[in-house]
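Engineer: Just so you know, the sequence shown maps onto residues 33 to 774 in the numbering used here. Virtual Cβ for every residue (Gly too), placed ideally from N, Cα, C.
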Amino acid sequence: MSNEIDAEQEYLTLLYAHLDHLRTETDTRLAAALREVSSLPQAMSLRDATIAQLSSQRAQYDAVENGLCFGRIDFTDDTTTYIGRIGLFDSDDDYEPLQLDWRAPAARPFYLATAAAPQGVRRRRHIRTSMRKVTAVDDEHLDLRDPGHGDTVTGETALLAALNETRHGVMRDIVETIQAEQDEIIRAGLNGVLVVQGGPGTGKTAVALHRAAYLLYTHRELLARRGVLIVGPNATFLKYIGQVLPSLGETGVLLRTVGDLFPGVRATRAESQAAAEVKGRLSMVDVLRRAVADRQVVPDEPITLVVERVEMTLRPREVAEARARARRSGRLHNHAREVFAREIVDALARQEADRLGAEFLDAADLADIRRELAADDEVVATIDDLWPELTPQRLLEDLYADEDRLATAMPEHPDAERALLRRDPGGWTPADAPLLDEAAELLGVDDREERAREAQRRRDAEHYAQGVLDILQLEDEADPDILLAYDLIDARELAERQEDADHRTAAERAAADRDWTFGHVIVDEAQELSAMAWRVLMRRCPSRSMTLVGDVAQTGALAGADSWADVLAPYVEDRWRRTELTVNYRTPAEIMAVAADVLAELGAPVEPPESVRETGHAPWARRTSDLAGAAAAEAARDAPGSLALLVPEERVAEIGAAVLAEVPDAAVGERPDLESRVVVLTVRQAKGLEFDSVLLVEPAEIVAESPRGLNDLYVALTRATQRLGVLHSADLPPALTALRSA
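#1: Starting from the Cα of G259, find the closest Cα among D386, A538 and H53 and give me that residue.
#2: From L280 to D409, what does the alpha carbon distance come to, in whole angstroms?
#3: Of all the options L380, A212 and D658, which has the alpha carbon lying nearest to the alpha carbon of D400?
#4: Round the Cβ separation of G6 and C101 to the nearest angstrom and send it over; I've been treating them as touching at under 8 Å.
#5: Here's the rule I'm using: 16 or more other beta-carbon atoms within 10 Å means buried, otherwise exposed. How should D724 be labelled?
#6: Could you check what DSSP says for Y617 in three-state terms: helix, strand or coil?
#7: For G180, does the three-state DSSP call read helix, strand or coil?
#8: By Cβ distance below 8 Å, which residues in the same chain neighbour V638 in space, the five residues on each side in sequence not counted?
#9: By DSSP's criteria, T656 is part of a beta bridge. Which residues make up the other side?
#10: I'd like the list of long-range same chain contacts for I210, defined as Cβ closer than 6 Å, with 5 residues on each side in sequence excluded.
#11: On a Cα-Cα basis, can you pick out the residue from E737, Q92 and V329 that is closest to W245?
#12: Between L132 and P150, is the Cβ-Cβ spacing less than 8 Å?
#13: Assuming F121 and Y114 are in contact, meaning their beta carbons sit under 8 Å apart, how far apart are those beta carbons, in whole angstroms?
#14: Among T268, L248, R546 and D447, which one has its Cα closest to the Cα of V310?
#15: To the nearest angstrom, report how far apart Q717 and E702 are at their CA atoms.
#16: Could you tell me the boundaries of the beta strand (DSSP E) in which M564 lies?
#17: On the three-state DSSP scale, how would you describe S304?
#18: With respect to the beta strand (DSSP E) encompassing H251, which residues constitute its N-terminal and C-terminal limits?
#19: Between L418, E494 and G551, which lies nearest to P334 when the distance is taken from Cα to Cα?
#20: What do you reckon, are the CB atoms on R489 and P420 nearer than 8 Å?
#21: Once you ignore the five residues that flank E707 on each side, which residues in its own chain have a CB closer than 6 Å to its CB?
#22: Who are the Cβ neighbours of V715 in its own chain at under 7 Å, not counting the five residues just before and after it?
#23: Can you list, in chain order, the residues of its chain with a C-beta nearer than 6 Å to that of T753? Leave out the 5 residues immediately preceding and following it.
#24: Mind checking which residues open and close the alpha helix (DSSP H) that includes H367?
#25: With DSSP run on the structure shown, which of helix, strand or coil describes I210?
#26: Tell whether a beta-carbon distance below 8 Å holds between H242 and I262.
#27: What separation, rounded to the nearest whole angstrom, lies between the Cα atoms of A698 and F269?
#28: So D556 is in the alpha helix (DSSP H); what residue range does that whole segment cover?
#29: I need the DSSP call for A354, collapsed to helix, strand or coil.
#30: Can you tell me where the beta strand (DSSP E) holding L286 begins and where it ends?
#31: Suppose contacts are defined by Cβ-Cβ distances below 8 Å. Is V371 in contact with V411 by that definition?
#32: Quick check on this structure: which residue in E97, E40 and T198 has the alpha carbon closest to the alpha carbon of I105?
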């Protein structure tokens, strides 16, 4: 085997030499582009585009530095293909491939070939490396005549080695060990909604991220233009997965939580699960509609205005007629305000005309009266009171802060539910973001002034360009038969060529644009999304090209889903595909047996996934009267790998302080550093994460915290890759009574 390692080391060195050459070549071109200076906007625009492209290439080369090559397949026709994170080609040999990108169709046999269906593969080799050094090779002989044939799990040695590695706080890609059922999902077609149902540890998140990389590879032109959005359950989770796509050579994907989807808003304010559940209901659409209508006011009494020292009266009937006309226009609130304002000004203008003597006024006089009234500060203030221009933020802040507004907007909701929404201004919660987005749909943006400024800017640019062409024509005394600039281009085209191009990636532009629509949307922990959150995502992806991964047995949010069909029916009816991941790669069999008891009690319509390994570490439970002290003592033990203490919401401060006293570098808080060896989390924070060891504290309280407490317990039990312990002072939930006492 030493000779095999040496041979692979020689080839790996060749690949890295080629990568270094590409990197150096890119650096040279990038430096040259950065030095370019020109007074021509078009030349500078081209320079900026070149810099953006070369910078992206440079980032890709850096991202694949570790694990550049990880596999090789030897075919029965004696040809050999190497598989890696990116494709590399020999420019000196007619661009023959040195290594295939793992996403290329020709690389599929590396993941799918078996002894029963070898696809022409004689041997599959997994090449394990540390930076630029080959550390081991694992071979699978797929020839039926070879005694080593017949592995049921692709690359079992490499897979188990990866599963047993210590976790370090950030998710790693699984590109080296993708299994057949995962590969089928990763390479599924772009169009339509694909639901990936999978229990804990089945690799849903990894599959979703690798699918994003695959789709960007196979549909580069479309997705580079429209972008890919990945939605995760919380900021901690997004930080955890943040390096996976860059390690696969993709850096242009937008990662967001639902709370971050509304541009300019970061949802960091806390609120109760009950309040979030109310905000997540579909009925909030009608609540917001009523809230908007409530801001279109008809006064109970006449309004007296003094305009240019003349007293005028605006009667309720006139305001009601103006409101009716504005509403009949079919425009959104802020757009219809123009109609309302015009009607109010007309009503006041008629009064002024009657006062002056309408029979003596012509059309120009009436136009002057309207113009003066429309500009008057008191008239403008009155219109603002009766039909204010609203932002989504102002609408919601005013609604939450006023009991009367809440009562008007939520007449069918009980007082207790309205009380859940009552609060003073100051920050936004994740459940607010979908409501802000819905409010924006109802309000619209009055961008008339902005559009007028843009139109004027374009007219000025065209006027300047025409002047340039006129000068050229006057100064030029050349042969009239020679075509010149003004013969080939007009002022508008010349002005457009001077526009500064936007070289931001699709992800960067999408992050700032609420109206942006994505080429594909991937949602992880999709079962957690509320009905209002789904409306936001469907607006972001009108093509309905989506990948939704999750597990309805792990739904923790009160507004979350119990059924994929219920979630999708309003948008695509039954036109969606469902696939399932059934193999548990993360959770060892000993822990999964405990979790299966909870799943049975939960009564969820799913089967527990089958674990591929055992660790020999039996889960245990210990009763104690000092939970904080016992938790701190366990955290201080010199155990291998990462440890997560999963605790009830109400005990985070107490247990976190005790743990920090014993382990000062432990991580505690709303956005903890997952690279710390010890971290204290709630179950909500632990969604989608994994740790070598998990210490579950007071599971009875975790169950009692929420009507979905058993779902949360199921999630908590399945975060560990090696060891699970339970500390409790109260009686254990019935599903955990079989745990070994320690």
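Structural biologist: With the given structure in hand:
#1: Reading the sequence shown from its first residue, position 227 is the one you call residue 259. Taking only the C-alpha atoms, the option nearest G259 is A538.
#2: Walking along the sequence shown from the start, residue 280 turns up at place 248. Walking along the sequence shown from the start, residue 409 turns up at place 377. The C-alpha of L280 lies about 59 Å from the C-alpha of D409.
#3: The residue labelled residue 400 in the question sits at position 368 within the sequence shown. If we check each option's Cα against that of D400, L380 comes out closest.
#4: The question about residue 6 has no answer, for the chain in this structure spans 33 to 774.
#5: Within the sequence shown, residue 724 is the residue found at index 692, counting from 1. Classification for D724: buried.
#6: Counting from 1 along the sequence shown, the entry for residue 617 is found at position 585. Y617 carries a coil assignment under DSSP once its states are collapsed to helix, strand and coil.
#7: Stepping through the sequence shown from its first residue, residue 180 is reached at position 148. Note on G180: pLDDT 47, under 50, position unreliable in the model; no value is reported.
#8: Here residue 638 is taken as the residue at index 606 of the sequence shown, counted from 1. Leaving aside the five residues that flank V638 on each side, the residues in its chain whose CB is nearer than 8 Å to its CB run, in chain order, Q229, G231, D583, V584, A585 and L631.
#9: Position 624 of the sequence shown, counted from the start, is the residue given in the question as residue 656. Under DSSP, T656 shares a beta bridge with no residue.
#10: In the sequence shown, counting from the first residue as 1, residue 210 sits at position 178. For I210, where only same-chain residues beyond five positions count, the Cβ hits under 6 Å are Y143.
#11: On the sequence shown, residue 245 is found 213 positions in, with the first residue counted as 1. Trp is not the amino acid found at residue 245; the sequence shown has Ala there. If you compare the alpha carbons of E737, Q92 and V329 with that of A245, the shortest gap goes to Q92.
#12: Numbered from 1 along the sequence shown, position 100 holds the residue referred to as residue 132. Numbered from 1 along the sequence shown, position 118 holds the residue referred to as residue 150. With contacts defined by Cβ atoms closer than 8 Å, L132 and P150 do not form a contacting pair.
#13: On the sequence shown, position 89 is the one that residue 121 refers to. On the sequence shown, position 82 is the one that residue 114 refers to. Between F121 and Y114 the beta-carbon gap is near 12 Å, outside 8 Å, which marks them as no contact.
#14: Stepping through the sequence shown from its first residue, residue 310 is reached at position 278. Sorting T268, L248, R546 and D447 by C-alpha distance to the C-alpha of V310 places D447 at the top.
#15: Against the sequence shown, residue 717 aligns to sequence position 685. Against the sequence shown, residue 702 aligns to sequence position 670. Using only the alpha carbons, I get a separation of about 8 Å.
#16: As a position in the sequence shown, residue 564 is number 532, starting the count at 1. M564 -> not in any beta strand (DSSP E); alpha helix (DSSP H) instead, spanning A563 to R572.
#17: For this step, residue 304 is matched to residue 272 along the sequence shown. It is coil, neither helix nor strand.
#18: Here residue 251 refers to the residue found at position 219 of the sequence shown. Boundaries cannot be given for H251, as no beta strand (DSSP E) includes it and DSSP labels it neither H nor E.
#19: On the sequence shown, position 302 is the one that residue 334 refers to. In terms of CA proximity to P334, L418 leads the group L418, E494 and G551.
#20: Stepping through the sequence shown from its first residue, residue 489 is reached at position 457. Stepping through the sequence shown from its first residue, residue 420 is reached at position 388. Result no, Cβ atoms of R489 and P420 do not sit closer than 8 Å.
#21: For the purposes of this step, residue 707 is taken as the residue at position 675 of the sequence shown. Once the five neighbours on either side are set aside, the close Cβ partners of E707 are G201.
#22: Within the sequence shown, the letter at position 683 stands for residue 715. Once the five neighbours on either side are set aside, the close Cβ partners of V715 are G588, L678, I734, D744, V747 and A748.
#23: Position 721 of the sequence shown, counting from 1, holds the residue named residue 753. If we look at T753 and ignore the five residues flanking it on each side, its Cβ neighbours are R618, E722 and D724.
#24: Indexing the sequence shown from 1 puts residue 367 at position 335. Note, H367: alpha helix (DSSP H), H365 to L388.
#25: Within the sequence shown, numbered from 1, the residue matching residue 210 stands at position 178. DSSP places I210 in coil when its eight states are reduced to three.
#26: Your numbering for residue 242 matches position 210 in the sequence shown. Your numbering for residue 262 matches position 230 in the sequence shown. No, they are not a contact pair.
#27: Translated into positions along the sequence shown, residue 698 becomes position 666. Translated into positions along the sequence shown, residue 269 becomes position 237. Approximately 18 Å between the Cα atoms of the pair.
#28: What you label residue 556 is simply residue 524 of the sequence shown in a count that begins at 1. First-last for D556: undefined, no H or E at that position.
#29: The count along the sequence shown starts at 1 and reaches residue 354 at position 322. Three-state DSSP puts A354 in a helix.
#30: If you number the sequence shown from 1, residue 286 lands on position 254. Counting along the chain, the beta strand (DSSP E) containing L286 begins and ends at L286 to T289.
#31: Working through the sequence shown from its first residue, we reach residue 371 at position 339. Working through the sequence shown from its first residue, we reach residue 411 at position 379. One thing to note: V371 has its Cβ no nearer than 8 Å to the Cβ of V411.
#32: In the sequence shown, residue 105 corresponds to position 73, counting from 1. It is E40.
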